[in-house]
Each structure stands twice: as C-alpha cells, then as structure tokens.
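To keep things clear, I will list the structure first and then write my remarks on it.
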Amino acid sequence: MTLLVPRRTLSGRGSRFRIVPALAATTGPVVVVRGQSAAWADTLVRDLRRIGRSVLEITGQGEPDLPTLDAALAGLRPHRPGAVVSIGGGSVMDLGKALAALLPSANSPMTHLEVVGDGRPLEAAPLPFVAVPTTAGTGAEATKNAVIDVPAQRRKVSLRDARMLPWLAVLDADLTDGTPWPVTLACGMDALTQLIEPYLSARARPDVDAICRVAIPEAMRALLRLSQGKDGPARDVLLAAAHLSGIALANAGLGAVHGLAGVIGGQTGAPHGAICARLLPAVLRANRQACIEAGQDATRFADVDAMIADAFKREGSATALLQGFLRNAPLAPLPEMDDAQVAAMAAESSSMKANPVVLSTAVLAGVIAEGRALGS
C-alpha cells in the first residue's frame, strides 16, 4: 500500500521564499499561473527574472474551463517551458496542474479527460509543478487530478494521473491571512468535506483514517475560531488540514457530496465550496440511513459525530451540529435546477464510486433540496 503525496512539501510562514532556490533544479522558462488577488506572485516573478529565468505569466479567471486550457496550451507550447508554478486558490492550482500535465505532449485535453473525453493516461511525465495555495480549502496542492469545466457538456470533470502530484507544495499561511470570512468558510467546508468523505469512503484505508481522525476535529475547531474573528494560528491549522484533505482524497476517494458538487457547479456555476457546505449535512444523514437500511456497519458515522462534537464541545450528530453552524452562514445559495436530472448525472461521476453506499437518484435529489433549504 503506497500513500500518494507531493514529492516535497515546505511548510511554515515564510516558506514561499524557498521557491526560487528550489526551481534552480529545473531549466527553461517558468510558467507562473496566478489568481487575480495573488499579489505575492509579483515578487516571485521579479525574483525569478532577477536570476535570469524567463517567466511566462497567466492570470486565472475563475474556474478553469476547456477553452481556456486549450488556448493556454497553444500559447505556451512553442516556448517549451521547464516548470509551472501556481499561486492562488484551488482553481488556479487546477489550471497550473493541468498545464504541467499536458504541456509535454501535443495531445488535446479531451484525450485524457474523464467522463466526457477518452480518459487515457498521460503519454509523457508532467513538468515539475509547484503549488502555492493562498486559500485553505481544496487541498489541490496534494492531489493527482485537476478539475476542468467543460461548458459544451455543462460538466466539471477531472484530468487524473498519479504523476500529476506536485513536484513541490508550499504551505505558507502568510498568504491566507486576511481572507474574508465568506471565502474562508466556503473553502474550509470544502476541506472538512474532503476529510470526512475519505474516512467514510468505500476505499477507506488505515493510513488515511489516521490522517482524518486528527484533521477532522482540527479543521472544525479552526473554522469555529475563525468564525469568531480569531485569526493567527487558526489560519495555519486550517491550511494544514486542507493539505491533509488533499492527501486523503487522493488516496481514498470522495463520495456523494463531491459527486453532486461537480455536476451542480457545471450546470449552474455555483461556487464549489458553498455547494459542499450545503450538501454535507444532508449527505451524512442520507448515507447513514442508507447504510443502516442495507445492513451495513454504520460505526464510522458515529466516529464522525464524535469528532465534530469534540470540536464543538457539545453533544449532537455531525448533521445537526453542522446545520446549526451553517444556518445563518454567508453561503452562496444553491440555484434552482432539475434536481432529478442532476442526481442522475452525478451517479456517473468518479467521486460517487467511492461513496460508502449506493444512493438512489430520488435520495440524491432530496439531498439537493435539503441543501438548498439550509438557512432559508
């Protein structure tokens, strides 16, 4: 059993200043993919150019879609880049990771995309990819996939290969300080979901279980502190938990929350973290009930209850405690859609394959409705 993790990880405040020396091991132009608010990217670009490295800059505009990826590949391939650095949130991580994976070959992304494409393995090893998250959420700096929106199909799907794990992940909480609470909440709930789903996964494994048992209550405690305006160390804790969530999902899979979230996001454009936050309590309830009805062991749901209750310092199920926490939270709404159609599409997603029990489309549609009603 092998635990898939980034080749190297730097952590701690100020660790971002070790990126330029690390890139000395690479040659050729460096592609820097940045978020619109990633101001420190200017410093990195300046420092790279100061030592004579050619830099090609790309600014991420929202979640990466197939036309954007195609255009970026066409523009960058003639320059023969030697490395890719992403500085920003999960969407910027995904764009950079996809570029690093696809730049070494001439193939179209559709050759390798899951569900809507051919799903073929990469033909060449990715370029060295450096992931520098500025939000604590997706854990994309520790995963082997990149999520790409395919507008023509109204789907979000993955480009996936074990070799896509970052060459270097940099966890510097300085870059997350000052993140507005609504963004922190949505990102943090994504991370919490990505810790709970692998623990409950049909592919759960002991090493990932150990990670999740520590990180689930820590992530919840950090979110509670940040909700009260207590910054500082809670930022470091949440960033570490988000990173561990990436390791957990890369090795044990996800579940119905993410199976639904990919389709809902592709259909409506709703922000991913808010979707996960709204769906998580309802999915926990539905999965537990379905496991009990199927005669399956539901012990792990009690474990999750205990972890979440420990963070809140009061008794209650994870579903009830999370619903209370999120009831008046600043979450984007879940738009109206054809819930039954979305549920049917989600059943085909790769994330749904690791759900601990098969949920009917009727149950999944009910979960969507329950998530929409949260806080209303």
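In numbering that gives the first Met the number 0, the protein residues as written are 0 to 375. No residue lacks a Cβ here, since even glycine has one placed at the ideal position from N, Cα and C.
Closer than 6 Å by C-beta to S153: which residues in its own chain qualify, once you throw out the five before and the five after it? Chain order, please.
First, the residue type needs correcting, since residue 153 is Arg and not Ser in the sequence shown. Excluding sequence neighbours, R153 sits near G265 and Q266.
When we look at the beta-carbon of I307 and count the other beta-carbons within 10 Å, is it buried (16 or more) or exposed?
By the 10 Å Cβ count, I307 comes out buried.
Let me check one thing: in DSSP terms, what residues is S157 bridge-paired to?
Paired residue(s): V146.
Which same chain residues, not among the five before or five after A21, have their C-beta less than 6 Å away from its C-beta?
L167, listed in sequence order.
Could you tell me which residues DSSP puts in a beta bridge with V207?
Looking at the DSSP assignment, V207 forms no beta bridge with any residue, so it has no partner.
State the CB to CB distance for the pair E196 and L253, rounded to an integer number of angstroms; the pair is presumed to be in contact (CB under 8 Å).
The pair is a contact, with the Cβ atoms about 4 Å apart (cut-off 8 Å).
Skipping 5 residues on each side, what residues in its chain have a beta carbon closer than 7 Å to that of L158?
Cβ neighbours of L158 beyond the five flanking positions: A97, A100, P108, H111, L112, N144, A145 and I147.
Decide if K312 is buried, meaning its Cβ has at least 16 other Cβ atoms within 10 Å, or exposed.
Exposed: under 16 other Cβ atoms inside 10 Å.
With a CB to CB cut of under 6 Å and the five nearest residues on each side skipped, what residues in its chain are close to I210?
Here the set comprises L243 and A247.
Which residues does DSSP list as the beta-bridge partners of A82?
Looking at the DSSP assignment, A82 forms a beta bridge with V29.
Evaluate the contact criterion for the stretch 218-235 versus the stretch 177-191: three or more CB pairs, one atom per stretch, below 8 Å.
Touching, yes, given that three or more Cβ pairs across the two stretches are closer than 8 Å.
If we count the other Cβ atoms within 10 Å of its Cβ and call it buried at 16 or more, is S53 buried or exposed?
Exposed, because fewer than 16 other Cβ atoms sit within 10 Å of the Cβ of S53.
When you compare the stretch 225-243 with the stretch 170-182, are there three or more beta-carbon pairs, one atom per stretch, that lie closer than 8 Å?
Yes, the stretch 225-243 is in contact with the stretch 170-182.
Between D302 and G323, what straight-line distance do the alpha-carbon atoms span, to the nearest angstrom?
Using only the alpha carbons, I get a separation of about 19 Å.
Who does G228 pair with in a DSSP beta bridge?
Beta-bridge pairing links G228 to no other residue.
For P5, count the other beta carbons within 10 Å of its own beta carbon; 16 or more makes it buried, fewer makes it exposed. Which is it?
Its Cβ being crowded by 16 or more others within 10 Å, P5 is buried.
Which same chain residues, not among the five before or five after F300, have their C-beta less than 6 Å away from its C-beta?
Hits under 6 Å: R287.
Going by alpha carbons, who is nearest to G228 out of A201, A255 and W180?
Looking at the Cα atoms, W180 is the closest of the given residues.
In angstroms, rounded to a whole number, what distance separates the CA positions of I274 and I367?
Rounded to whole angstroms, I274 to I367 spans 9 Å at the Cα level.
Could you pull the start and end residues of the alpha helix (DSSP H) that V262 belongs to?
That run of the alpha helix (DSSP H) goes A255 to T267.
For I215, tell me which candidate among L75, D93, T318 and D309 has the shortest Cα-Cα distance.
Here the closest residue by C-alpha is D309.
Excluding five sequence neighbours on each side, which residues of the same chain lie with their C-beta closer than 7 Å to the C-beta of A208?
With the sequence shown as reference, residue 208 is identified as Asp, and Ala is not the correct amino acid for it. Excluding positions up to five away in sequence, the list reads Y198.
So is L279 buried or exposed if we call it buried at 16+ other beta carbons inside 10 Å?
Its Cβ being crowded by 16 or more others within 10 Å, L279 is buried.
For G74, is the classification buried or exposed, using 16 other Cβ atoms within 10 angstroms of its Cβ as the cut-off for buried?
By the neighbour-count rule (16 or more Cβ atoms within 10 Å), G74 is not buried but exposed.
Of the choices L126, A285 and A135, whose alpha-carbon is the least far from that of S316?
The residue with the shortest Cα to Cα distance from S316 is A285.
If you run the structure through DSSP and keep just helix, strand and coil, what is A285?
Three-state DSSP puts A285 in a helix.
Threshold first: 4 residues or longer. Then list the alpha helix (DSSP H) segments lying entirely within the stretch 154-198, N to C.
DSSP runs (the alpha helix (DSSP H)) wholly in the stretch 154-198: none.
Out of A251, P127 and L373, point me to the one whose CA is closest to M351's CA.
The shortest Cα separation from M351 among A251, P127 and L373 belongs to A251.
Just how far apart, CA to CA, sit P232 and D117?
So the two alpha carbons sit approximately 44 Å from each other.
According to the Cβ coordinates, are S14 and L170 closer than 8 Å?
Yes.
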